[in-house]
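Worksheet: one structure, shown below.
Protein chains in written order, with my numbering: chain W, 1 to 115; chain P, 1001 to 1110.
Spelled out as structure tokens, the structure:
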């Protein structure tokens, strides 16, 4: 089954404790992206990756890091989480490439609470 | 920066009534996508519009792209309880960046 898998689905942590949210897709997509969803603000793009070892900032990259060492995986790293990073996070992948805007396939979401 | 304004933020309807959500941009869009997110779920792609004045239909859903490619709408005819959720438009004009509207949350009363 084609899917995007995120882990953990739920996490409560404390300020400053580094954490990683994993994301994996089995559709051989080159494009992957992270979003955060907050009430009234919709989905805001954090980082995206066009291919292995190619990443770029979205609209709200501060406080986050990403890496793309393999095509299927795109982890989101919070080096020193703060309460304003409490949010619902979605990973997505897409068959899009330069000149072709493909649809986004989203994971189930990861709800993060930073105390 | 680039923004996509989506209205209304919320809409309550009686089952069987129609529903419309609108997206507007101050800049010309190369294309626009629409997604639906059920309560507690993740966004799911509905459709993509590319051409000026384009109209596409999916059963009771009608999607339009404005002539100037600065606005788009999603209209649902005769809503059903299965239509509940949040509808988002998304602008991909920036290439690999995607800008989502804030979404319209639809409540349907049976």
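All residues carry an ideal CB built from backbone N, CA and C; glycine is no exception.
Every value quoted in this text rests on a predicted model; they were computed, and no experiment measured them.
By the CB criterion at 9 Å, residue 37 of chain W and residue 82 of chain W fall outside the cutoff. If you keep only unbroken beta strand (DSSP E) runs of at least 3 residues inside the region 1003-1061 of chain P, you get 1004-1007, 1010-1014, 1019-1025, 1032-1037, 1043-1049 and 1055-1058. Note on the region 5-88 of chain W: whole beta strand (DSSP E) runs with a minimum of 3 residues are 10-13, 19-25, 31-38, 42-51, 54-57 and 76-78, in chain order. For the pair residue 10 of chain W and residue 33 of chain W, the CB atoms are not nearer than the 9 Å cut-off. Cβ contact annotation for residue 1066 of chain P (same chain, cutoff 7 Å, sequence separation greater than five): 1072, in chain order. When W:2, W:13, W:8 and W:5 are compared, the shortest CA-CA separation from residue 114 of chain W is found for W:13. The beta carbon of residue 1084 of chain P lies closer than 8 Å to those of 1038, 1039, 1106, 1107 and 1108 in the same chain, with the five residues before and after it left out. Contact residues of the region 35-67 of chain W toward chain P are 35, 40, 41, 42, 43, 44, 45, 48, 50, 56, 58 and 59 (C-beta to C-beta distance below 8 Å). Pairing residue 1021 of chain P with residue 84 of chain W, the inter-Cα distance amounts to about 30 Å.
Using a CB distance cut-off of 9 Å, residue 105 of chain W counts as an interface residue toward chain P. Residues of the region 1070-1085 of chain P that bring their beta carbon within less than 9 Å of a beta carbon in chain W are absent altogether. Those residues of the region 69-83 of chain W placed with their C-beta closer than 7 Å to a C-beta in chain P do not exist. Residue environment for residue 101 of chain W: buried (at least 16 other C-beta atoms within 10 angstroms of its C-beta). Contact annotation for residue 101 of chain W against chain P: 1030, 1031, 1033, 1048 and 1092 [CB-CB distance below 8 Å, chain order]. Per the C-alpha coordinates, the member of W:2, W:3, W:7 and W:1 positioned closest to residue 111 of chain W is W:7.
Rounded to whole angstroms, the gap between the alpha carbons of residue 1006 of chain P and residue 1024 of chain P is 6 Å. Of all residues in the region 9-33 of chain W, only 31 and 33 place a beta-carbon less than 9 Å from a beta-carbon of chain P. For residue 1 of chain W, no Cβ of chain P is located within less than 9 Å of the residue's own Cβ. Proximity to residue 1102 of chain P across P:1087, P:1092 and P:1082 peaks at P:1087, based on C-alpha coordinates.
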